[in-house]
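Participant: Numbering (the numbering used here), first residue to last: 6 to 368.
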Amino acid sequence: MTGKQIKERLERDLGFEANRARLLTEAAASIEISTYWERKGLGKLDEKTYSALAKAALVSGLAGRQKLSDMIYKLATSDAKNIDLPEVVIEISALVLEHQKTLNLSRNRASCVNAHLNILEPDRSLPQVYSPFLSTDELKKVVNRSNAFLKKDVSNAADFYKWIKETHDLLSDVSAGEIAENDEEDFSDGISKKGLISRKAITTYLKQWELFATEKLGPTFSIEIKENHASPLTGKLNNLEDGASRTWTTMLGDITEARTSAVFQKRATAVTNKGTSSAALQNVDNYDLEISGRPLKIQLTPGVSEDVISQFVKAMKAQFLVYAGKGLLNVSLQSGNTVVTASLSNASKQDLKKIEEVLLQLI
């Protein structure tokens, strides 16, 4: 095979793997969300709707969480009036966390591999990305090296390993040049917005490049790929493809485990905050109170009942389970057209009872 043929094969395989990761995680998340939805007494939905919930839940960032929250509030049936919907949003977010990790593995691997594939595009990607950092003569030398790698004949395992290493050396040389050194403060741990790669990350890029290339084309050059040498992503995707799914008991355990992490706690707070960003908040009463010198902020819509307060207290206690004890404890509940929110800094377990008593006095 020529270097160009190897590069084209790796490009196709990378696209296939990224698509496979997306489809498999969406399918697994859809099945698990359907189990969760029906076990929670939220009714029964069709497969397309479960799939749409899975896609929304797998989107990272605040936009994804807001989309998931909006969908859940629209889909919940009247039979679910006693269900804490903000809690449902949080639990589904926790449920898909493992699948999000798989997608992140896929994206990280793709970033590392694409950086090497781009350096093997001497007529397009290479000059587009690196011409701002190289002189005309330097760019010409880099383009010549890239062309040489594409024309090189690779006929055995030794040639293949050498080709993998040499293409990485080209990427490393460009990223570690004088200009890259001067701009080091702009680097992240991965590829920067400028296209250069930090010294901290370059070894990770090499490892991912070697793993991907040998997994996809190693057998062509009589290289045996052992299971314990493969990428963790490969094992995860194979398990999903084999139909591995979590039981209801395992799902509940994974939800609890995910919710205890500090990172997820921040996410859960954002979900409950966003869950109340609806028309119901256009007509609320705001109360600025204090508990032991700390500001207690409460919002209530007219018509809040004791049953709603009871639901809110349950949500508050659930949120407290993953609360670190510092910072803002912020809990929101929307039930129909009524909304209850409360926030308190450095909250303790004893404060929860006081908040409940205050809310009952205000309705």
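The C-beta atom is built at its ideal place from N, Cα and C for all residues, glycine as well. Please read all numbers here as calculations on a predicted model, not as lab measurements.
1. Does the Cβ-Cβ distance between Leu108 and Leu63 come in under 8 angstroms?
2. Suppose you measure from the CA of Glu311 to the CA of Ala352; what does that come to, to the nearest Å?
3. Alpha carbon to alpha carbon, how far is Leu286 from Ser340?
4. Going along the chain, which residues of its own chain have a beta-carbon closer than 7 angstroms to the beta-carbon of Asp356, five neighbours each way excluded?
5. So, is Pro91 buried or exposed, given that buried needs 16 or more other C-beta atoms within 10 angstroms?
6. Roughly how many angstroms separate the alpha carbons of Lys221 and Ser56, rounded to a whole number?
7. What's the call for Arg299, buried or exposed, on a 16-neighbour Cβ count within 10 Å?
8. For the segment 20-38 against the segment 122-136, do three or more pairs of beta-carbon atoms, one drawn from each stretch, fall closer than 8 angstroms, so that the two count as touching?
9. Does DSSP classify Ala285 as helix, strand or coil?
10. State the CB to CB distance for the pair Ile303 and Val344, rounded to an integer number of angstroms; the pair is presumed to be in contact (CB under 8 angstroms).
11. If you pair each beta-carbon of the segment 239-257 with each one of the segment 149-161, do three or more pairs fall below 8 angstroms?
12. Beta-carbon of Ser337 versus every beta-carbon of chain D: anything under 8 angstroms?
13. Return the residue from the list Leu338, Asn342 and Val318 that minimises the CA-CA distance to Lys354.
14. Starting from Ile36, follow the beta strand (DSSP E) in both directions and report where the run begins and ends.
15. Assign Pro127 to one of three DSSP states: helix, strand, or coil.
16. When the Cα atoms are used, what is the spatial distance from Gly258 to Glu13?
17. Check this for me: beta carbons of Ala59 and Ala34, under 8 angstroms apart or not?
18. When the distance is taken between beta carbons, is Val159 closer than 8 angstroms to Ile11?
19. With a threshold of 16 other CB atoms inside 10 Å of the CB of Ile230, please say whether the residue is buried or exposed.
20. Report the residue from His234, Met6 and Arg204 whose alpha carbon sits nearest the alpha carbon of Ser180.
21. Does the separation of the CB atoms of Leu338 and Gln316 fall below 8 angstroms?
22. Just reading off the beta strand (DSSP E) that Ser345 is part of, what are its end residues?
23. Take the Cβ of Asp290 as the centre, count every other Cβ of all protein chains shown within 10 Å, and call the residue buried at 16 or more, exposed below.
24. Buried or exposed: His234, going by 16 or more other Cβ atoms within 10 Å of its Cβ?
25. Determine, using beta carbons only, whether Lys170 and Thr7 come nearer to each other than 8 angstroms.
26. Helix, strand or coil for Lys53? Go by DSSP, reduced to three states.
27. How about Thr40 and Met256: are their beta carbons less than 8 angstroms apart?
Facilitator: So, from the listed chains and residues:
1. Closer than 8 angstroms, so yes.
2. The alpha-carbon atoms of Glu311 and Ala352 are separated by roughly 23 angstroms.
3. Interpretation of Leu286 is limited by its pLDDT of 43, a score under 50 that renders its predicted location unreliable; no figure is taken from the coordinates.
4. Apart from the 5 residues on each side of it in sequence, Asp356 sits with its Cβ closer than 7 angstroms to the Cβ of Ile296 and Leu349 in its chain, given in chain order.
5. Classification of Pro91: buried, given that the 10 Å Cβ count is 16 or more.
6. Lys221 and Ser56 have their C-alpha atoms roughly 30 angstroms apart.
7. It counts as exposed.
8. Look at the beta carbons and you see the segment 20-38 not touching the segment 122-136: under three pairs across the two are nearer than 8 angstroms.
9. Residue placement at Ala285 is poorly supported in this model, since its pLDDT is 42, which falls under 50; the coordinates still yield a value, given next. DSSP places Ala285 in helix when its eight states are reduced to three.
10. About 11 angstroms; that fails the 8 angstroms criterion.
11. Taking 8 angstroms as the limit for Cβ pairs, the verdict is that the segment 149-161 does not touch the segment 239-257.
12. Structure shown: chain D not included; a single protein chain is present.
13. Here the closest residue by C-alpha is Val318.
14. The continuous stretches of beta strand (DSSP E) do not include Ile36, which lies in the alpha helix (DSSP H) extending over residues Gly8 to Arg44.
15. Correct three-state label for Pro127: coil.
16. Each residue's Cα considered, the two are about 43 angstroms apart.
17. At the C-beta level, Ala59 and Ala34 come within 8 angstroms of one another.
18. Between Ile11 and Val159, the C-beta gap is smaller than 8 angstroms, which places the two residues in contact.
19. By the 10 Å Cβ count, Ile230 comes out exposed.
20. Of His234, Met6 and Arg204, the residue nearest in Cα terms is Arg204.
21. In this structure, Leu338 places its C-beta atom within 8 angstroms of the C-beta atom of Gln316.
22. It is worth fixing the name first, because residue 345 is Val in this sequence and not Ser. Thr343 to Ser350 is the extent of the beta strand (DSSP E) around Val345.
23. By the 16-neighbour rule on beta-carbons within 10 angstroms, Asp290 is exposed.
24. Exposed, by the Cβ-count rule.
25. Against a cut-off of 8 angstroms, the Cβ pair of Thr7 and Lys170 comes out as no contact.
26. Here DSSP, grouped into helix, strand and coil, assigns Lys53 to helix.
27. A Cβ-Cβ contact shorter than 8 angstroms links Thr40 with Met256.
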